[in-house]
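Working notes, structure below.
Protein chains: 2
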Amino acid sequence: MEPLGIALLGCGTVGSGVARLLLTENERLSKRAGRPLRLRWVLVRDPSKPRGVALPSDIITTDFRTVLRDPQVMVVIELIGGLEPARHFILQSLEAGKDVITANKAVLAHYGDDIFETARRYGRTVAFEASVGGGIPIIAALAEELAANQILSIQAILNGTSNFILTQMQEEGVSYEAALAEAQRRGYAEADPTLDVSGADAAHKLAILSRLAFGPGPSVQEIFCRGIDQLQLADLRFAQELGYTIKLLAEAWLQDGQVALHVEPTLIHRLAPLAQVRGVYNAILVRGDVVGQTLYAGRGAGQMPTTSAILADLIDLAIGRAQLTFRTLRLWENHNRLPLRPPERIRSRFYLRITVEDRPGVIGEVATILGKHQVSISSVIQHEALDECEGEAVPVVIMTHTTNLSAFRLAVAQIDRLSCVAAPSIYYPVAD
Amino acid sequence: MEPLGIALLGCGTVGSGVARLLLTENERLSKRAGRPLRLRWVLVRDPSKPRGVALPSDIITTDFRTVLRDPQVMVVIELIGGLEPARHFILQSLEAGKDVITANKAVLAHYGDDIFETARRYGRTVAFEASVGGGIPIIAALAEELAANQILSIQAILNGTSNFILTQMQEEGVSYEAALAEAQRRGYAEADPTLDVSGADAAHKLAILSRLAFGPGPSVQEIFCRGIDQLQLADLRFAQELGYTIKLLAEAWLQDGQVALHVEPTLIHRLAPLAQVRGVYNAILVRGDVVGQTLYAGRGAGQMPTTSAILADLIDLAIGRAQLTFRTLRLWENHNRLPLRPPERIRSRFYLRITVEDRPGVIGEVATILGKHQVSISSVIQHEALDECEGEAVPVVIMTHTTNLSAFRLAVAQIDRLSCVAAPSIYYPVAD
Numbered sequence: 037m038e039p040l041g042i043a044l045l046g047c048g049t050v051g052s053g054v055a056r057l058l059l060t061e062n063e064r065l066s067k068r069a070g071r072p073l074r075l076r077w078v079l080v081r082d083p084s085k086p087r088g089v090a091l092p093s094d095i096i097t098t099d100f101r102t103v104l105r106d107p108q109v110m111v112v113i114e115l116i117g118g119l120e121p122a123r124h125f126i127l128q129s130l131e132a133g134k135d136v137i138t139a140n141k142a143v144l145a146h147y148g149d150d151i152f153e154t155a156r157r158y159g160r161t162v163a164f165e166a167s168v169g170g171g172i173p174i175i176a177a178l179a180e181e182l183a184a185n186q187i188l189s190i191q192a193i194l195n196g197t198s199n200f201i202l203t204q205m206q207e208e209g210v211s212y213e214a215a216l217a218e219a220q221r222r223g224y225a226e227a228d229p230t231l232d233v234s235g236a237d238a239a240h241k242l243a244i245l246s247r248l249a250f251g252p253g254p255s256v257q258e259i260f261c262r263g264i265d266q267l268q269l270a271d272l273r274f275a276q277e278l279g280y281t282i283k284l285l286a287e288a289w290l291q292d293g294q295v296a297l298h299v300e301p302t303l304i305h306r307l308a309p310l311a312q313v314r315g316v317y318n319a320i321l322v323r324g325d326v327v328g329q330t331l332y333a334g335r336g337a338g339q340m341p342t343t344s345a346i347l348a349d350l351i352d353l354a355i356g357r358a359q360l361t362f363r364t365l366r367l368w369e370n371h372n373r374l375p376l377r378p379p380e381r382i383r384s385r386f387y388l389r390i391t392v393e394d395r396p397g398v399i400g401e402v403a404t405i406l407g408k409h410q411v412s413i414s415s416v417i418q419h420e421a422l423d424e425c426e427g428e429a430v431p432v433v434i435m436t437h438t439t440n441l442s443a444f445r446l447a448v449a450q451i452d453r454l455s456c457v458a459a460p461s462i463y464y465p466v467a468d
Numbered sequence: 037m038e039p040l041g042i043a044l045l046g047c048g049t050v051g052s053g054v055a056r057l058l059l060t061e062n063e064r065l066s067k068r069a070g071r072p073l074r075l076r077w078v079l080v081r082d083p084s085k086p087r088g089v090a091l092p093s094d095i096i097t098t099d100f101r102t103v104l105r106d107p108q109v110m111v112v113i114e115l116i117g118g119l120e121p122a123r124h125f126i127l128q129s130l131e132a133g134k135d136v137i138t139a140n141k142a143v144l145a146h147y148g149d150d151i152f153e154t155a156r157r158y159g160r161t162v163a164f165e166a167s168v169g170g171g172i173p174i175i176a177a178l179a180e181e182l183a184a185n186q187i188l189s190i191q192a193i194l195n196g197t198s199n200f201i202l203t204q205m206q207e208e209g210v211s212y213e214a215a216l217a218e219a220q221r222r223g224y225a226e227a228d229p230t231l232d233v234s235g236a237d238a239a240h241k242l243a244i245l246s247r248l249a250f251g252p253g254p255s256v257q258e259i260f261c262r263g264i265d266q267l268q269l270a271d272l273r274f275a276q277e278l279g280y281t282i283k284l285l286a287e288a289w290l291q292d293g294q295v296a297l298h299v300e301p302t303l304i305h306r307l308a309p310l311a312q313v314r315g316v317y318n319a320i321l322v323r324g325d326v327v328g329q330t331l332y333a334g335r336g337a338g339q340m341p342t343t344s345a346i347l348a349d350l351i352d353l354a355i356g357r358a359q360l361t362f363r364t365l366r367l368w369e370n371h372n373r374l375p376l377r378p379p380e381r382i383r384s385r386f387y388l389r390i391t392v393e394d395r396p397g398v399i400g401e402v403a404t405i406l407g408k409h410q411v412s413i414s415s416v417i418q419h420e421a422l423d424e425c426e427g428e429a430v431p432v433v434i435m436t437h438t439t440n441l442s443a444f445r446l447a448v449a450q451i452d453r454l455s456c457v458a459a460p461s462i463y464y465p466v467a468d
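Sequence lines, in order, name chains P and G.
Residue numbers for the first sequence follow my numbering, beginning at 37 and rising by one.
Residue numbers for the second sequence follow my numbering, beginning at 37 and rising by one.
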């Protein structure tokens with residue numbers, strides 16, 4: 037059978053993993069694909085840079101046009117990352133009649149509509165299993181295996197770097213800064229960790245999962261997003277005292293024809309499956325109306341897990357399955373866009389830490405404001421302070437019952453204006 | 037587009053779930069399938085029996101030949117269970133040119149070779165996502181999404197009934213008998229629970245997973261299988277004291293070109309992901325050479341989870357994906373049968389509970405025998421007994437280091453012949 041010609045755009049960590057397996061495990065992979073797989077080009081910026089794979093020099097190029105003009109290249113694997121030139125290369129590859137595999141969540145979250153429309157216009161397929169959850173087959177689960185379901189909700193830990201930092205803080209009792217430094221030392225966090233710790237990376241991935249689960253909906257910019265970079269060890273400890281852990285949770289759910297989405301540090305009960313996810317692992321809990329809850333977990337990033345997902349897409353394309361999925365499920369088509377569920381219609385429990393002067397009547401003032409906004413209190417922690425500290429600032433931790441998000445925010449704003457409140461209050465949602 | 041004609045064989049719990057969704061959610065399912073889905077026949081033994089679904093009377097039949105002769109039936113969904121007449125109906129359906137979907141792990145574990153060969157001979161497809169793990173898409177994971185990997189091992193909780201009983205024993209502190217009664221009261225266990233609690237059901241499922249992961253290998257009869265029906269609460273408590281829980285674990289792994297398989301109550305460290313799986317949930321941990329570990333979890337049985345898997349197969353067949361998978365991956369083909377790894381080449385840690393007379397020198401005698409068989413001791417629990425009880429039978433619990441299975445069994449047999457040993461020793465493997 038005719039070989040499937042492949043071009044790799046980018047040869048960093050993941051790219052060199054993919055190239056190495058295509059070269060060293062070619063027989064196994066070709067057998068699974070039902071046809072020979074041939075790596076024809078690897079596009080790099082600097083051919084002299086040392087890489088984790090020995091590439092034959094005649095397949096290295098620095099010119100994207102070489103890839104574009106080679107009629108034997110049928111599949112382009114985009115591993116450059118970021119928005120440009122990735123978007124441009126993907127669109128041009130599709131226009132040139134090539135199928136595309138990408139691990140690029142940012143470009144899909146921002147330009148998915150354009151990319152998928154171009155693919156359809158040119159009768160091509162875009163496969164993107166590697167864009168979310170590394171080696172966890174969550175895209176296939178949503179697009180294929182749960183096809184009988186109306187997906188109701190997704191709760192996920194989608195950023196391994198953040199989860200590693202949170203695990204370190206929780207288990208080693210170190211500060212955010214110390215945990216981040218450890219993540220950088222181990223190569224789990226970039227020198228500039230912003231994309232990971234700000235929640236932006238998780239929001240990109242959530243946008244993709246939400247699109248698959250619910251169809252067109254809010255844009256990635258509309259996702260309410262807070263990272264872990266402001267999280268204090270004190271809140272992890274109070275959460276633990278209450279029987280919870282804190283995870284950077286990405287959630288999306290469908291309610292009354294609206295989609296609610298957020299990425300935030302969130303309290304999760306210590307016995308819930310997602311509370312058990314440690315270190316750089318990712319996990320996705322999907323609720324469907326037929327299947328109930330299913331959970332998928334594994335390493336959410338890294339060279340080999342991501343390589344596994346990309347090669348699965350490649351085999352799917354070689355077999356012809358990815359094309360059928362893409363065509364029949366009409367992925368990412370731009371019909372019936374569902375609106376964002378507004379904050380005044382979102383209900384949740386909350387963890388609230390207030391820093392107040394330790395003097396009589398303070399709890400009463402706070403509780404009165406919460407009551408006025410219909411926020412009812414489920415439990416309070418205020419540790420005994422020494423008599424001589426009376427008048428100093430102390431933390432009061434309140435867990436609320438399920439309440440309205442807008443009302444809760446108004447109440448917190450009002451509490452923060454009280455003269456007895458010494459610092460802005462901190463709050464996080466509590467997962468169901 | 038031409039409707040896809042469907043016949044359902046059996047209309048029990050799962051059958052009535054599938055029928056109900058095909059009737060009430062027909063529009064959603066047909067849209068996902070890319071063509072109308074039409075339920076043409078439901079084969080039942082007793083048409084007068086009340087069911088959880090209102091079936092139009094003109095699609096009910098008691099005669100399998102009606103299904104077989106209807107040229108518009110393209111897919112037969114076998115939900116009768118058991119070996120016969122299920123096997124016969126599956127083979128006849130394939131010979132009549134119909135594709136088959138089955139949830140029947142027993143018939144696949146015993147007659148898979150025959151069924152799959154017949155399917156290939158007649159150019160048909162057999163889809164069986166529902167046969168293992170209920171709504172958890174583990175068949176697709178092994179057959180498609182981990183296709184780039186050589187699977188190295190599978191560790192799984194595959195029987196929800198047993199896991200529910202173990203969870204009850206562990207968390208409520210009740211006996212096996214009481215936990216079984218509770219499972220029966222809730223409808224999680226049959227009046228005759230043998231298939232579940234003996235480990236046979238888990239062994240059937242393990243045989244299927246092993247076949248997918250490793251290709252042809254040992255037959256289901258060769259799987260070493262012990263159930264939970266002899267498990268005593270005392271062992272759960274000692275395990276807990278040591279930091280472990282006991283699960284009915286189904287394991288298969290590849291080593292030196294041999295396949296090792298067993299289904300047994302197994303000690304799992306309390307922090308391991310599988311230790312967290314509670315109640316009727318199932319979970320499967322798959323290790324691949326590229327992806328590392330991935331975990332899949334969900335309800336492993338029950339009407340709607342199983343229905344979700346069957347309808348996913350149906351949509352896959354309607355789209356044409358299942359056919360491509362079946363053809364290209366050459367599932368269940370009878371090439372290069374791998375041998376069973378013999379006990380003398382299996383290494384594991386063990387939990388061993390000995391019942392001995394409480395008199396001086398006993399531990400020494402036991403330790404000497406273990407030492408002679410190269411079984412080294414990692415820890416011992418012997419609780420302080422009252423002075424006046426000296427001479428009575430007491431339990432001694434030993435955790436071994438990694439050791440050879442055959443040598444360990446010989447040592448235990450020899451220990452049980454000691455005069456100071458008051459009852460047959462109990463042992464379980466400890467998971468890695």
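Note that CB positions come from ideal geometry on N, CA and C, so glycine has one too.
DSSP places G/Lys85 in the coil class of the three-state scheme, outside both helix and strand. Counting only residues of its own chain and dropping the five nearest sequence neighbours on each side, P/Ala69 has a CB closer than 6 Å to the CB of Ile351 and Ala354.
When secondary structure is reduced to three states using DSSP, G/Asn199 falls in the helix class. In the DSSP assignment, P/Val433 falls within the unbroken beta strand (DSSP E) covering Ala429 to Thr436.
Of all alpha-carbon atoms in G/Glu258, G/Gly148 and G/Val433, the one lying nearest the alpha-carbon of G/Leu248 is that of G/Gly148.
Among the bridge pairs identified by DSSP, G/Glu114 is matched with G/Leu45 and G/Thr138. G/Ala358 and P/Pro301 have their C-alpha atoms some 40 Å from each other. Annotation: P/Tyr332 to G/Leu321 spans about 10 Å, alpha carbon to alpha carbon.
P/Asn195 counts as buried, since no fewer than 16 other beta carbons sit within 10 angstroms of its beta carbon.
Listed as beta-bridge partners of P/Val466 by DSSP are P/Leu303 and P/Arg385. Using a CB distance cut-off of 8 Å, G/Arg68 counts as an interface residue toward chain P. In this structure, G/Ala43 lies away from G/Val143, with their beta-carbon atoms at least 8 Å apart.
Linking G/Ile201 to G/Ala467 through their CA atoms gives a straight-line distance of about 20 Å. Segment contact: the stretch 251-259 of chain P against the stretch 370-385 of chain P, three or more CB-CB distances shorter than 8 Å; contact assigned.
Of the candidates G/Gly133, G/Leu59, G/Pro39 and G/Ala139, G/Ala139 places its Cα closest to the Cα of G/Pro341. A straight line joining the alpha-carbon of P/Ala219 with that of G/Ser412 spans about 38 Å. With contacts defined by Cβ atoms closer than 8 Å, P/Gly133 and P/Arg101 do not form a contacting pair. At a cut-off of 8 Å between beta-carbon atoms, P/Leu44 makes no contact with chain G. The alpha-carbon separation between P/Met205 and P/Gln312 amounts to approximately 15 Å.
In terms of CA proximity to P/His409, P/Ala449 leads the group P/Ala184, P/Ala449 and P/Val433.
When the beta-carbon positions are compared, P/Lys241 and P/Val168 come within less than 8 Å of each other. Under a criterion of Cβ atoms nearer than 9 Å, no residue of chain G is adjacent to P/Ser167; the nearest Cβ is some 14 Å distant.
Within the stretch 178-189 of chain G, Glu180, Glu181, Leu182, Ala183, Ala184, Asn185 and Gln186 place their CB atoms closer than 8 Å to a CB of chain P, listed in sequence order. Beta-carbon to beta-carbon, P/Ile172 and P/Phe164 are separated by about 13 Å, too far to satisfy the 8 Å threshold. Closest option to G/Ala179, judged by alpha-carbon separation, among G/Ile244, G/Gly48, G/Leu285 and G/His419: G/Ile244. Interface with chain P (8 Å Cβ-Cβ cutoff): G/Pro341 is included. Using a Cβ-Cβ distance cut-off of 8 Å, the stretch 80-89 of chain G and the stretch 117-126 of chain G are not in contact, since fewer than three pairs of beta carbons, one from each stretch, lie closer than that value. Proximity of G/Pro309 to chain P, defined by a Cβ-Cβ separation below 8 Å, is satisfied.
As for any alpha helix (DSSP H) of minimum length 4 sitting wholly inside the stretch 268-339 of chain G, the runs are 269-277, ordered along the chain. Using a Cβ-Cβ cut-off of 9 Å, P/Val326 is close to Gly53, Leu57, Glu61, Gly171, Met340, Pro341, Thr343, Ser344 and Leu347 of chain G, given in chain order. Residues of the same chain with a CB within less than 8 Å of the CB of P/Ser415, apart from the 5 flanking positions on each side, are Leu278, Ile434 and Met435 in chain order.
Residues of chain G with a Cβ closer than 7 Å to the Cβ of P/Asp150 do not exist, since the nearest Cβ in that chain sits about 25 Å away. Judged by DSSP secondary structure, P/Val398 falls within the alpha helix (DSSP H) whose first and last residues are Val398 to Lys408. Using a CB distance cut-off of 8 Å, P/Gly356 counts as an interface residue toward chain G.
By the rule that beta-carbons nearer than 8 Å mark a contact, P/Ile351 touches chain G. For P/Gly334, the closest Cβ of chain G is nearer than 8 Å.
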